[in-house]
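Residues in the sequence shown are numbered from 59 upward in steps of one, following the numbering used here.
Here a beta-carbon is modelled for each residue, glycine too, at the ideal position from N, C-alpha and C.
None of these values were measured; they are calculated from a predicted model.
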Amino acid sequence: ITVYCTVVIVKLMEERKLDINSIIGFVLIGIIMIWFLYTQKSNPEEAKKDKAVSEKVEDNAADAKVAQEPENTVNFSDSVSLAKYKNSLGDFAYSASLPSATDGFTELENSKLYLKISNKGGQVVEARLKEFNTNDSLPVYLIKDNNAVFNVDFTTADNRVLNTKDLYFEPTKTTNGDTQVLSMKLKTANDKYLEFKYELKDNDYLVGLTMHSQGLSNSISSAKPVNLDWSLKGIRHAKSAAYENRYSRLTYDHEDGKIDKLSQAGTDEETEQNVKWLSFRQHFFSSILVTDTPFKSAKLASANLIDKDAKDEDVAFTKSYEASMPLALNGGELNYNLHMYYGPTDYSVLKGYKEYNLADSMPTGWGIFGIINRWVIIPVFNFLMTFLPAGFAIITLTILVKLLLSPVQYKQFVSQAKMKVLKPEMEEINKKYGDQAMKKQQETMSLYRKAGVNPMSGCLPAVLQMPVFYALFTFFPSAFVLRQKSFLWADDLSSYDAIVKLPFDIPFYGGHVSLFPILASIAIFIYMQMTSAQSMQQQQQPGMPNMKFLLYLSPVMMLIFFNNYASGLSLYYFVSNTITIFIMLAIKKFIIDEEKIHAKIQENKQKPKKQSKFQQRLKTMMEQAEAQQKAKK
59 ITVYCTVVIV KLMEERKLDI NSIIGFVLIG IIMIWFLYTQ KSNPEEAKKD KAVSEKVEDN
119 AADAKVAQEP ENTVNFSDSV SLAKYKNSLG DFAYSASLPS ATDGFTELEN SKLYLKISNK
179 GGQVVEARLK EFNTNDSLPV YLIKDNNAVF NVDFTTADNR VLNTKDLYFE PTKTTNGDTQ
239 VLSMKLKTAN DKYLEFKYEL KDNDYLVGLT MHSQGLSNSI SSAKPVNLDW SLKGIRHAKS
299 AAYENRYSRL TYDHEDGKID KLSQAGTDEE TEQNVKWLSF RQHFFSSILV TDTPFKSAKL
359 ASANLIDKDA KDEDVAFTKS YEASMPLALN GGELNYNLHM YYGPTDYSVL KGYKEYNLAD
419 SMPTGWGIFG IINRWVIIPV FNFLMTFLPA GFAIITLTIL VKLLLSPVQY KQFVSQAKMK
479 VLKPEMEEIN KKYGDQAMKK QQETMSLYRK AGVNPMSGCL PAVLQMPVFY ALFTFFPSAF
539 VLRQKSFLWA DDLSSYDAIV KLPFDIPFYG GHVSLFPILA SIAIFIYMQM TSAQSMQQQQ
599 QPGMPNMKFL LYLSPVMMLI FFNNYASGLS LYYFVSNTIT IFIMLAIKKF IIDEEKIHAK
659 IQENKQKPKK QSKFQQRLKT MMEQAEAQQK AKK
């Protein structure tokens with residue numbers, strides 16, 4: 059106004075249309091206007107308070123969603139006044155006017171876990187594991203930067219749908235012995251509220267969470283469902299995003315102890331009944347929701363967030379998880395005892411929560427494989443890790459496994475030696491009967507019977523070893539104790555051991571070269587060459603696979619697919635096959651005497667052999683088949 063009046067006065071004076079009386083009039087008008095503006099100025103404290111309220115409403119306008127029926131939905135996409143915000147909340151308007159129900163945060167912390175809980179929504183907005191770092195030496199966050207939402211939505215008596223994630227809670231923090239207690243209350247009055255109570259004990263990963271309402275039976279509609287919605291996007295922590303994603307899955311306990319998982323690839327969803335706990339697993343870390351009162355039903359969903367062409371450094375999240383569970387009201391009130399686990403996917407740690415069976419959320423293998431891991435492999439390896447570096451612990455475990463399986467492996471080697479001794483006679487049978495496949499098979503079986511050799515005796519030991527090998531295949535990728543443990547050139551035995559970074563990606567192989575898979579492939583190739591002598595000879599028989607093809611297939615498969623696997627697993631296979639090679643050489647040179655075996659076989663051939671009824675029937679069937687072939691010719 060002052061600038062405008064000055065310009066007008068100067069303009070009039072230039073045009074000589076202004077005298078002294080006009081100037082006095084303008085001055086008086088200016089004095090009156092200044093006085094008027096001064097008397098209308100707000101009190102500084104009130105102005106500051108109004109500004110804070112306005113900023114709070116504007117900052118949360120985009121996120122707030124307080125709705126009626128679809129035709130009366132309140133949309134906070136634009137800035138709204140506090141009065142309009144309160145009116146939309148109905149009975150819950152009281153909570154918006156509480157001095158302590160503002161956009162603030164409260165911290166809970168012990169030696170293992172740091173939690174940051176927001177007044178808005180009364181939910182955890184940061185969960186950091188204090189004892190661990192990512193592969194980039196950054197803190198491990200399970201929740202950060204709005205990657206998780208914990209929300210209860212309900213319908214009010216006046217038919218409005220409210221979401222707790224949009225409303226402001228009043229925090230009260232206390233300490234009870236070694237337990238920190240945080241009460242978050244969403245109030246409609248001092249004695250009417252919805253409360254989220256968090257309890258964190260010292261030296262614990264488990265957070266108690268009680269959801270309780272008081273005096274809201276007339277405010278919350280019992281005709282409409284009350285739902286608990288929990289969602290999370292898994293933050294990438296490992297060097298290889300694809301490898302971490304392979305072991306990130308939504309796992310849940312339902313129907314009285316039945317453990318199931320959603321698919322590890324793509325998008326998957328299920329609706330299950332009587333869910334006791336559900337785990338959003340991120341390979342080596344897990345966020346688990348446990349309820350003392352099983353949810354009658356739960357709608358679960360997971361989706362892969364990694365683009366197949368994305369580079370590891372460009373991946374921020376691996377998977378998205380969602381769960382929606384209807385909550386039962388008791389007398390119109392809400393009352394649920396929950397627990398939230400934020401911690402490592404470590405069997406030894408999870409086993410400590412026996413009352414909730416959280417150890418079942420960790421992949422240890424199904425059936426006999428899981429039993430071997432839980433009762434043998436994990437306890438033994440954890441014991442070795444107490445006094446050995448990780449790499450030497452793997453080598454020691456490999457030696458122990460070899461000793462455990464040495465009896466069946468010895469039988470396998472003896473069977474191979476016997477088959478090798480019979481090789482000249484097998485070649486004679488092949489030459490004598492040529493294309494007469496049935497006769498050749500008949501004579502071969504007769505030779506085995508006379509020599510006292512069972513061709514299946516070499517396969518049986520291999521079958522007996524398979525449960526142990528598969529159990530170890532499951533154990534190493536999930537062994538938390540190997541995480542960020544180095545050995546030789548491998549800086550992390552839970553990830554790949556790249557020695558060369560390629561300037562391009564090779565399909566199925568990757569953009570790097572890992573050394574342990576190469577060594578393991580070479581060891582497998584040498585071992586298969588040593589055991590292929592009689593297999594090569596047997597491949598001429600009908601129905602036998604091309605053993606020369608298998609000789610090269612296994613090492614190539616190891617080389618390709620293990621390039622991105624945990625280097626600890628490749629180290630195990632390398633050491634295991636190397637030990638096997640030396641054992642075979644030692645048995646061949648010092649234990650097995652092929653001349654004695656040959657003499658024993660010849661002695662057995664001279665003894666009359668009584669055929670069993672099965673062998674007699676088999677011989678009769680083969681003779682009949684041979685006769686039918688001759689008749690056709």
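In its own chain, which residues sit with a C-beta less than 8 Å from the C-beta of residue i, not counting the 5 before and 5 after it?
i: residue 563; result: 569
i: residue 553; result: 193, 296, 297, 298, 301, 624, 625
i: residue 329; result: 355, 356, 357, 358
i: residue 460; result: 467, 634, 637, 638, 641
Can you tell me whether residue i is buried or exposed, with buried defined as 16 or more other CB within 10 angstroms of its CB?
i: residue 288; result: buried
i: residue 475; result: buried
i: residue 404; result: buried
i: residue 299; result: buried
i: residue 689; result: exposed
i: residue 169; result: exposed
i: residue 242; result: buried
i: residue 221; result: buried
i: residue 619; result: exposed
i: residue 175; result: buried
i: residue 675; result: exposed
i: residue 244; result: buried
i: residue 366; result: exposed
i: residue 473; result: buried
i: residue 15; result: What the structure shows of the chain is the stretch from 59 to 691, and residue 15 is not part of that stretch, so it cannot be assessed.
By DSSP, does residue i sit in helix, in strand, or in coil?
i: residue 411; result: coil
i: residue 197; result: strand
i: residue 498; result: helix
i: residue 402; result: strand
i: residue 491; result: helix
i: residue 433; result: helix
i: residue 349; result: strand
i: residue 538; result: helix
i: residue 480; result: coil
i: residue 192; result: coil
i: residue 263; result: coil
i: residue 297; result: coil
i: residue 576; result: helix
i: residue 216; result: coil
i: residue 255; result: strand
i: residue 559; result: strand
i: residue 276; result: coil
i: residue 690; result: helix
i: residue 180; result: coil
i: residue 387; result: strand
Compute the Euclidean distance between the alpha carbons of residue i and residue j, then round it to the nearest angstrom.
i: residue 440; j: residue 479; result: 44 Å
i: residue 431; j: residue 421; result: 10 Å
i: residue 319; j: residue 335; result: 12 Å
i: residue 233; j: residue 166; result: 11 Å
i: residue 186; j: residue 345; result: 11 Å
i: residue 271; j: residue 391; result: 6 Å
i: residue 635; j: residue 201; result: 43 Å
i: residue 557; j: residue 163; result: 46 Å
i: residue 178; j: residue 418; result: 34 Å
i: residue 227; j: residue 217; result: 22 Å
i: residue 370; j: residue 497; result: 60 Å
i: residue 435; j: residue 589; result: 28 Å
i: residue 488; j: residue 678; result: 21 Å
i: residue 429; j: residue 630; result: 20 Å
i: residue 44; j: residue 559; result: In the structure displayed, the chain extends from 59 to 691; residue 44 sits before or after that span and is not available.
i: residue 452; j: residue 458; result: 10 Å
i: residue 581; j: residue 573; result: 13 Å
i: residue 567; j: residue 531; result: 19 Å
i: residue 269; j: residue 454; result: 49 Å
For residue i, I'd like the list of residues in its chain whose CB is within less than 6 Å of its CB, leaving aside the five on either flank, ordered along the chain.
i: residue 257; result: 237, 239, 266
i: residue 191; result: none
i: residue 583; result: 613
i: residue 396; result: 267, 349
i: residue 627; result: 534
Spatial neighbours of residue i within its chain, please: CB distance less than 7 Å, with the 5 preceding and 5 following residues excluded, ordered by chain position.
i: residue 322; result: 304, 307
i: residue 463; result: 523, 526
Quick check: does the Cβ of residue i come within less than 7 Å of any heavy atom belonging to the ligand ATP?
i: residue 446; result: Annotation note on the ligand ATP: not contained in the displayed structure, which lists no ligands.
Under a CB-based cut-off of 8 Å, is residue i close to chain D?
i: residue 645; result: Note that chain D does not occur in the displayed structure, where there is just one protein chain.
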